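Residue numbers (my numbering): 8 to 314.
Just so it is clear, CB atoms sit at the ideal spot from N, CA and C, and this is done for glycine as well.
Please read these numbers as outputs of a predicted model, since none were measured by experiment.
Structure (structure tokens):
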């Protein structure tokens, strides 16, 4: 089992699940500079992973932005977000504010709050409407290391035979050739076969809002087994308000005690966004659950109407 884990960890270096990013709408709430920094053209830029997401068009005048401007961008947890406010003159460019982070809560650190320096301040917001959403569970997957940690086993005599052949080749090869051998297609195929053959993995996804259970795939009878599964026609509704706490748990269901793959929560003013895109977690943060969310409109309670 220990060798199987090491083998699958090596495979995780060569393979990765496709990124799933959610779309966000940002808004320029404020951008101002002190009197001493007024000379020249004031420019504001927003980058995600070095890609400029604002502004996308050229604006003439003394500044390249307008208060109230909105911009759309794709983001997944761990992406780098950077905000720059600068002053440009004929001779040089002076950075007045430069804020950036690649933390898992980058949006919470840079949006819906004021960023300040001695000569400038910027406030960015996220345009996230309150009300009802239909959330759809699309996919969930175990990274190899999490699958083994949760008790996943490799099935099939063919794998054992191919693994034995590989071990013999490794033992008989000079040290300098082993690294090359591990990079060969045969090894990659064997590793992929091992990872895809992991069984005894029962996916259980739960979602809570402010401590109240909204969704439990296992209790609702949605049973999926395997390392990587696609869910069909599995959805639930949530009546969301800014700041609501959202908890998502990814578990390997068990008759006695479930194995925890990961638990994630957020209570930011835009917490609903966690249910749009992929949530990553696990030993190396390579396991994930993918949701999508469709806005249905303002609920009657929020609008002051009665049914």
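*Any idea if residue 304 is buried or exposed, counting beta-carbon neighbours within 10 angstroms, 16 or more meaning buried?*
exposed
*Thinking residue 271 and residue 217 are a contact (beta carbons under 8 angstroms), I'd like their distance in whole angstroms, please.*
Between residue 217 and residue 271 the Cβ distance is about 15 angstroms, and since that is not below 8 angstroms, they are no contact.
_Using the three-state DSSP reduction, which class does residue 22 fall into: helix, strand or coil?_
Unreliable positioning characterises residue 22 in this predicted model, as indicated by a pLDDT of 45, which lies under 50. The coordinate reading is nonetheless provided below. Residue 22: coil per DSSP, three-state reduction.
*asked:* Do residue 212 and residue 257 have their beta-carbon atoms positioned less than 8 angstroms apart in this structure?
replied: yes
*Out of 299, 300, 302 and 285, state which residue places its alpha-carbon closest to the alpha-carbon of residue 86.*
285
*Tell me the start and end of each unbroken beta strand (DSSP E) in the stretch 196-282 that is at least 3 residues and wholly inside, in chain order.*
209-216, 219-223, 235-237, 242-247, 253-259 and 266-273
_Quick check: what's the CA-CA separation for residue 38 versus residue 30?_
23 angstroms
*Out of 46, 141, 116 and 35, state which residue places its alpha-carbon closest to the alpha-carbon of residue 97.*
46
*Could you tell me which of 53, 157, 63 and 95 sits nearest to residue 264, measuring between CA atoms?*
157
*Go to residue 116, then tell me how far its alpha helix (DSSP H) extends in each direction, as first and last residue.*
113-117
*Identify which residue in 127, 123, 283 and 292 has its Cα closest to the Cα of residue 300.*
283
*Give me the Cα-Cα distance between residue 298 and residue 102, rounded to the nearest whole angstrom.*
39 angstroms
*Please confirm whether any heavy atom of the ligand ATP lies closer than 7 angstroms to the CB of residue 79.*
This structure lacks the ligand ATP, and indeed carries no ligand of any kind.
*Under the rule that 16 or more other beta-carbon atoms within 10 Å means buried, what is residue 114, buried or exposed?*
buried
_residue 125 in three-state terms, based on DSSP_ = coil
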